[in-house]
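Protein chains in written order, with this note's numbering: chain A, 1491 to 1629; chain B, 1491 to 1629; chain C, 1491 to 1629; chain D, 1491 to 1629; chain E, 1491 to 1629; chain F, 1491 to 1629. Positions of the beta carbon are idealized from the N, C-alpha and C atoms, including for glycine. Computed from a predicted structure; not experimentally measured.
Protein chains: 6
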Amino acid sequence: MALVYITRKEHFNAAHKLWNEKWSEEKNFEMFGKCANPNWHGHNYTLFVTVKGIPEPETGYFVNLKALSSLIRIKITDPLDHKNLNLDVPFLKNMQSSCENVAIAIWKELVDDIKKIGGDLHCIKLYETENNYVEYFGE
Amino acid sequence: MALVYITRKEHFNAAHKLWNEKWSEEKNFEMFGKCANPNWHGHNYTLFVTVKGIPEPETGYFVNLKALSSLIRIKITDPLDHKNLNLDVPFLKNMQSSCENVAIAIWKELVDDIKKIGGDLHCIKLYETENNYVEYFGE
Amino acid sequence: MALVYITRKEHFNAAHKLWNEKWSEEKNFEMFGKCANPNWHGHNYTLFVTVKGIPEPETGYFVNLKALSSLIRIKITDPLDHKNLNLDVPFLKNMQSSCENVAIAIWKELVDDIKKIGGDLHCIKLYETENNYVEYFGE
Amino acid sequence: MALVYITRKEHFNAAHKLWNEKWSEEKNFEMFGKCANPNWHGHNYTLFVTVKGIPEPETGYFVNLKALSSLIRIKITDPLDHKNLNLDVPFLKNMQSSCENVAIAIWKELVDDIKKIGGDLHCIKLYETENNYVEYFGE
Amino acid sequence: MALVYITRKEHFNAAHKLWNEKWSEEKNFEMFGKCANPNWHGHNYTLFVTVKGIPEPETGYFVNLKALSSLIRIKITDPLDHKNLNLDVPFLKNMQSSCENVAIAIWKELVDDIKKIGGDLHCIKLYETENNYVEYFGE
Amino acid sequence: MALVYITRKEHFNAAHKLWNEKWSEEKNFEMFGKCANPNWHGHNYTLFVTVKGIPEPETGYFVNLKALSSLIRIKITDPLDHKNLNLDVPFLKNMQSSCENVAIAIWKELVDDIKKIGGDLHCIKLYETENNYVEYFGE
């Protein structure tokens, strides 16, 4: 009986901006710098979904990777890929589209469905650029 | 007397869409698929600028990398980073913001100025995603 | 009128061995070392297909990346992925499954069909491991 | 007195398949998809071994990296590299050669010997492809 | 109220050697091998600084990445980049410049200042080469 | 009869500085910036050696990769790894240890011996950092 963690890497490319409607344009630029560009900017996001569980002797795994990949596509990358994170995604409405908030929102979208395919969601890791990434463990 | 090629890697993050104003919405989606999303999408672009020349014995180089990096920043990454390639960039006006066209436009912006710092532009290589890149050699 | 090169990266995972039926077991191990293991070994192959052409003003490209990716999948990665290169692949029969020969064979499979989607095949680059790769330009 | 974690990255290339002898061919393909190809497939596996300990003032380390690398080579990469994981490896007999099970088996092979060179094994991380990896912490 | 971890990646290139003044030359080479070369060797170090905190609704983050990057530059990469770790860096004096010790020293330099910009330092991860890295969590 | 190019990737870690003895300290810092630090700095160099030839039907290759790797180790990485490029390497004496010059010098060291193992040297590609590399084709 051994507890293992399996991670699946996926991608999506999206536009967004950081902008707080309650603030003046001046304050938005002061707080968010070039991320506040009104005409948007964008990223190639890289998403790592880590799931934990105990492998079954008959298969050698606890969650079928194809099922996991398929679930991530349906719930996350189809809704986010080639989209505008501020305008096009129901589960990101009414929040800043910061990498931190997007990672938390992805956790909420996946946590229940991952139980149904046989694992427990352990971590969402989201790269916004090669030099910056966020991790969320559901705490 | 040896001819060497030196390459500098830089980054910019931008929004764009593929859209032809002369076509119907239907035809745009048919031709460009999800790249035609009206609300934009975006990428972390990675740019490789290759310059050729003959190193001088006194320095061991023919182009100062700091000068090259500075030139790329002023002419390319400052105008493109955290911008909308379709709306915000004078030298990309009136063309599709395809990776192919952006690479050609970057070549034109850099080719004369690189001569002034002591090298000859050899190649612009532009990654739009991890899986797709374009090269342009000025031919 | 500008000639650009576009490259698409794809993957396949396969088993193979280097073995010459005309030679003794001893000579096979002498020539191919651990690559001659009779029970096979395998690799995650990474394939880069580079195509050249002149972008059209209306689209900004000369070959639709979706069509290129689809062609590579049908002709190359579907037949090779999760297969044994020595046993399972008709177009690799009767040759050593060296990285060099596989790259040449992939060129032959793709060169005519790439013309049909609007480009000219320029290079097949095939990584067998992170540290070794082969390029073939059709010469 | 500071507890640090040091990680060493190694590689091995191997063939395998997922197959349960108790099941019909049909059920094997249903469960394992293309991973059940009877003629095998293979991967470039990347292995990360993480060891923890308290560095000694005289050397600045607690485990000599050369000794760690040598141990991993003798116990793991020599037995697995250019081998068939289902057929050639005594410590993988009688189990599915899933990435999960291979990671657990590598832990068992290393955990005692790493104590002898001055550290405590903390994690085995095993990449099967660029997009999938497994971690095991001995729990 | 969600606890997230954000990581910033930075770089510095430096010379160093492993050498214990109390030991003979012979013992130094025995213990440190080629790392004891009296004329130094060097590395491209890659540094990952992970900070944890609870994002604020108004901004979507808890620590401004620009402030974090700026702090790392002032406290760590400016003092270390293009320097000799044994000779040029006040906060590395009187210790072995092992990757383990450098990671611990970087933690001590950053831990208090990161509190001032709104986060808690969680981990220093330092790559000395592509194949070796150290992590320190302040324990 | 097909001409293929095979590339082998190797590594070495070394110290160096850029410094012209004929110039004042002031001029050295003006020309070379932080690369002129008298106490040295260093890099993880990544070397790509590309060799061309026509594969033989019996083996599927024209140069044995083990022989190529062995040659590079004896002629290049053993003399350069964990060394000071300005002080320790006979074939780099009396020149600037710029990435350009080191690449040219590596070409000269390898070009004749590669003929003896069955190929023609085509390119030396040398990364000094992740963001800068040099290519030399013997022209």
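Taking 7 Å as the cut-off, does the CB of residue i come closer than this to any heavy atom belonging to the ligand FAD?
i, result
"Val1553(B)", "This structure lacks the ligand FAD; in fact it carries no ligand of any kind."
Taking the straight line between their C-alpha atoms, what separation do you get for residue i and residue j?
i, j, result
"Lys1556(F)", "Leu1577(A)", "55 Å"
"Lys1524(C)", "Thr1536(D)", "18 Å"
"Trp1530(D)", "Ala1505(D)", "6 Å"
"Ala1526(F)", "Lys1507(F)", "5 Å"
"Lys1615(A)", "His1501(B)", "22 Å"
"Gly1608(D)", "Phe1552(D)", "6 Å"
"Pro1547(F)", "Met1585(C)", "7 Å"
"Lys1605(D)", "Val1624(E)", "18 Å"
"Val1494(C)", "Leu1493(A)", "50 Å"
"Arg1498(E)", "Arg1498(A)", "22 Å"
"Met1491(E)", "Lys1583(A)", "17 Å"
"Leu1574(B)", "Lys1573(A)", "Note that residue 1574(B) corresponds to Asn in the displayed sequence, not to Leu. Going from the Cα of Asn1574(B) to the Cα of Lys1573(A) covers about 14 Å."
"Asp1602(F)", "Ile1562(F)", "12 Å"
"Gly1550(A)", "Asn1622(D)", "15 Å"
"Glu1629(F)", "Cys1613(F)", "10 Å"
"Lys1542(B)", "Ser1560(F)", "31 Å"
"Ile1594(B)", "Lys1512(B)", "23 Å"
"Gly1532(B)", "Pro1528(A)", "14 Å"
"Asn1554(B)", "Glu1520(F)", "12 Å"
"Val1592(C)", "Val1592(A)", "42 Å"
"Pro1569(E)", "Pro1545(B)", "30 Å"
"Ile1496(D)", "Leu1600(C)", "46 Å"
"Glu1515(A)", "Trp1597(B)", "35 Å"
"Asn1534(A)", "Cys1589(B)", "14 Å"
"Pro1580(F)", "Val1539(F)", "21 Å"
"Lys1517(D)", "Thr1567(C)", "24 Å"
"Asn1510(D)", "Asp1571(D)", "23 Å"
List the endpoints of the continuous alpha helix (DSSP H) containing residue i.
i, result
"Cys1589(B)", "1589-1606"
Could you give the first and the last residue of the continuous beta strand (DSSP E) run that contains residue i?
i, result
"Lys1499(B)", "1494-1506"
"Leu1558(C)", "Unbroken run through Leu1558(C) is the alpha helix (DSSP H), 1555-1562; no beta strand (DSSP E)."
"Asn1534(D)", "1531-1543"
"Tyr1617(E)", "1610-1619"
Using the three-state DSSP reduction, which class does residue i fall into: helix, strand or coil?
i, result
"Phe1581(B)", "helix"
"Thr1567(C)", "helix"
"Asn1574(A)", "strand"
"Glu1515(D)", "helix"
"Glu1629(C)", "coil"
Item to check | Proximal residues, the region 1567-1601 of chain B versus chain A, C-beta separation under 8 Å | outcome: The residues in question are Asp1571, His1572, Lys1573, Asn1574, Leu1577, Asp1578.
Item to check | Contact list for the region 1539-1563 of chain E against chain D, Cβ threshold 7 Å | outcome: Listed in sequence order: no entries.
Checklist entry - Taking a cut of 7 Å between CB atoms, which residues from the region 1509-1539 of chain A lie near chain E? => result So the list reads Asn1510, Met1521, Gly1523, given in the order they occur along the chain.
Checklist entry - Residues in the region 1495-1508 of chain F with C-beta within 9 Å of chain B's C-beta atoms, listed in sequence order? => result Flagged, chain order: Leu1508.
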